[in-house]
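Student: Before anything else, here's the structure in question.
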Amino acid sequence: MGHAVVKKKSLSAEEHAVILLEHATAKEQWDYLQVEVPPMIRSRVLETAKLIQFSRSVRERIGLKKNRHF
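Letter 25 of the sequence shown, counting from 1, is numbered 140 in our numbering, and no numbers are missing.
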């Protein structure tokens, strides 16, 4: 009897970056990057994660400034 091979859907660099940022520690992030992310897109995933993190911090700061005016 043959076994059915289930191919996982390939995630985009952005999807991997979002998942990467959900990991709490740097070690967990590193492990995810090394195990789950294909080598050819690792640098793109890291850059995308940095941009997402920066964008979130800017939004948070803008939100804080808006709240101070009230």
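Idealized CB from N, CA, C, for every residue including glycine. No experiment lies behind these values; they were computed from the predicted model shown.
#1: Please state if the CB of Ile156 and the CB of Ala128 are separated by a distance shorter than 7 Å.
#2: Taking only runs of the alpha helix (DSSP H) that begin and end inside the stretch 133 to 173, which ones reach a length of at least 4 residues, in chain order?
#3: Whose C-beta lies closer than 7 Å to the C-beta of Arg159 among residues of the same chain, with five residues either side of it excluded?
#4: Is it right to say Thr71 is buried, meaning 16 or more other beta carbons lie within 10 angstroms of its own, or is it exposed?
#5: Taking 7 Å as the limit between beta carbons, can you name the residues of its chain near Leu136, skipping five residues before and five after?
#6: Taking the straight line between their C-alpha atoms, what separation do you get for Ile134 and Arg174?
Tutor: Looking at the coordinates:
#1: yes
#2: 141 to 151
#3: Ala128
#4: An answer regarding residue 71 cannot be provided, because it is not within the stretch 116 to 185 covered by the chain.
#5: Ala164, Ile167, Gln168
#6: 20 Å
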